[in-house]
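Numbered by this note's numbering, the letters in the sequence shown go through residues 21 to 408 in order.
Every residue gets a Cβ at the ideal spot worked out from N, C-alpha and C, and that includes glycine.
Note that the coordinates shown come from a computational prediction; the quantities given were computed from them, not determined experimentally.
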Amino acid sequence: MVQRLSPLEIMTRLVSFPTVSRDTNLPLVEWVAEYLTAHGIEHYIWIDPDQPHKAGLYAHVGPRVEGGLVLSGHTDVVPVDGQDWSSDPYVVEERDGKYYGRGCADMKGFDALALWALVEGHYSDLKRPLQLAYTFDEEIGCTGAPPLIVEMQKHLPKAEAVIVGEPSMLKAVTGHKGGAGLATTVTGYEVHSSLMHTGVSAIMEGAKLIDWANHRNIENREKPQTDLAAMFTPPWTTCHVGMVSGGTAHNITAGECRFWMDFRVVPGESLPDWEAAYRAEVARVEAEMQAVRPEAKIEVEKVFHVPGLVPEEDGAAETLVRSLTGDNGRHVVSYGTEAGQYQEAGYSAVVCGPGDIAQAHQADEFITVAQFEAGHQFMRDLVARLAA
21 MVQRLSPLEI MTRLVSFPTV SRDTNLPLVE WVAEYLTAHG IEHYIWIDPD
71 QPHKAGLYAH VGPRVEGGLV LSGHTDVVPV DGQDWSSDPY VVEERDGKYY
121 GRGCADMKGF DALALWALVE GHYSDLKRPL QLAYTFDEEI GCTGAPPLIV
171 EMQKHLPKAE AVIVGEPSML KAVTGHKGGA GLATTVTGYE VHSSLMHTGV
221 SAIMEGAKLI DWANHRNIEN REKPQTDLAA MFTPPWTTCH VGMVSGGTAH
271 NITAGECRFW MDFRVVPGES LPDWEAAYRA EVARVEAEMQ AVRPEAKIEV
321 EKVFHVPGLV PEEDGAAETL VRSLTGDNGR HVVSYGTEAG QYQEAGYSAV
371 VCGPGDIAQA HQADEFITVA QFEAGHQFMR DLVARLAA
């Protein structure tokens, strides 16, 4: 008889794969595929044609009909470089009522529970299908989920609802902000700074765009907030630049300046509208630069685009999670997840997973044993519900 691993055994295996976003996740995906094959579970691997060292996986158990549920988690983790860990980050270690390891909270703990539930569902008499989706590159902008969602809908009956298992202490998170990152490269014209009027300083021109963000933040903070926006902290859209680089010397007008313009947009406002507003300001500043030196320019590249998760009225995903957890609170977050991408693709979506987001990305990342066991009970109840 094929061995059915426990959630802890599965998490231990998943954490052992160092799937930092900059590296491959293929060994993890291949191990999961082998495990599913051993149990005779229908599954598919999708390899990113632009990054053949990256892959997603999706699987299906139960009747091949629409209206089921997807358990979705990402396989990539953030680096451990420069962090002071008390134990090997890729070996799950239990101490003081906690499981330590990179990804235990974010989010291989959920991934393990979801895989356990899929196998249990395979051996149960499910009346509604259960599907599993493992994505990649979530940590660098949620870029791996959209193509996987497209592929999944080609081969599997479309589910009704999706639970994205980011750590939420098993609370039903029904809304989050959208996000976009625009890599901006300002190209100036170098001259001696004593003659700066004959050149173009990429840094000083880039500063105009950064100051544009400062003014938008002030305006957003001061304008009346909608009831939907008021659910978030802060209850307005934010524009942010976290790093700036460029320049050759203190007495030369900078030939180049590079930064990302980052937007965190409250539901009810449009990411494309904010991007268009930024590009309009870029065009205005670029025209001023080119009036001095025609060679000057500003290039903007969209690095990531993560739609917000909009609270649903009687959404199927939220209703299911609340019925299993008993949680009737209203929870929203300001960070982005893949749930908005599922919602954009026509699924009802909610964020719900074990563990605390405060532990994500930290040295000595952990999930408490109690939360992991609560997640296990959640999955037991879920399988029973789908079989009822």
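Of the residues the options, which one's Cα is nearest the Cα of residue i?
i	options	result
LEU340	LYS191, TRP232, VAL85	LYS191
GLY76	GLY121, VAL170, ARG122, GLY201	VAL170
LYS178	GLU276, GLY267, TYR78	TYR78
LEU135	GLY275, GLU113, ALA53	ALA53
SER265	SER107, SER188, SER221	SER221
THR155	GLY328, TYR367, LYS118, TRP66	TRP66
ARG33	GLY123, SER107, VAL85	GLY123
ILE61	LEU138, ARG115, GLY117, ALA300	LEU138
GLU159	THR388, ASP293, VAL323, GLU29	VAL323
ILE183	LEU402, SER354, ALA407	LEU402
PRO166	LEU344, VAL389, TYR367	TYR367
ASN234	ASP282, GLY199, GLY288	ASP282
ASP347	ARG284, GLU113, VAL193, SER213	VAL193
HIS396	SER144, GLY164, LEU133	LEU133
Under three-state DSSP, which class holds residue i?
i	result
ARG278	strand
PHE392	helix
SER7	Since the first residue of the chain shown is 21 and the last is 408, residue 7 is not available in this structure.
TYR209	strand
PHE398	helix
PHE156	coil
VAL40	strand
ALA203	strand
GLU225	helix
GLY141	helix
TRP136	helix
VAL52	helix
Does the Cβ-Cβ distance between residue i and residue j come in under 9 Å?
i	j	result
HIS63	ARG24	no
PRO83	MET399	no
VAL261	TRP280	yes
GLY185	LEU91	yes
HIS73	ASP96	no
GLY121	VAL111	yes
PRO331	MET251	yes
VAL85	VAL40	no
ALA365	GLN173	yes
LYS118	THR388	yes
GLY328	VAL286	yes
ALA336	GLU180	yes
ALA383	ASP104	yes
LEU202	GLU295	yes
Tell me which same chain residues have a C-beta within less than 6 Å of the C-beta of residue i, skipping the five on either side of it?
i	result
CYS162	VAL326, GLU358
TRP256	ASN240, ARG241
THR205	ARG278, GLU319
ALA380	ALA125, ASP126
Which residues in the same chain have their Cβ closer than 7 Å to the Cβ of residue i, if we skip the five residues on either side of it in sequence?
i	result
LEU176	TYR78, HIS80, GLN151
ASN237	THR258, CYS259
ALA394	LEU190, PRO374
For residue i, which residues of its own chain have a beta-carbon under 8 Å away from its beta-carbon, when the five flanking residues on both sides are left out?
i	result
VAL211	THR218, GLY219, ILE272, THR273
Any heavy atom of the ligand COA closer than 8 Å to the beta-carbon of residue i?
i	result
VAL182	This structure does not include the ligand COA; it has no bound ligands of any sort.
Complete beta strand (DSSP E) runs within the region 251-326 (minimum length 3 residues, chain order): For the region 251-326, whole beta strand (DSSP E) runs of length 3 or above, ordered along the chain, are 258-260, 264-266, 276-285, 317-326.
May I have a chain-ordered list of the alpha helix (DSSP H) segments no shorter than 4 residues that lie completely inside the region 339-369? Under the rule that a run must span 4 or more residues, the alpha helix (DSSP H) segments found entirely inside the region 339-369 read 359-364.
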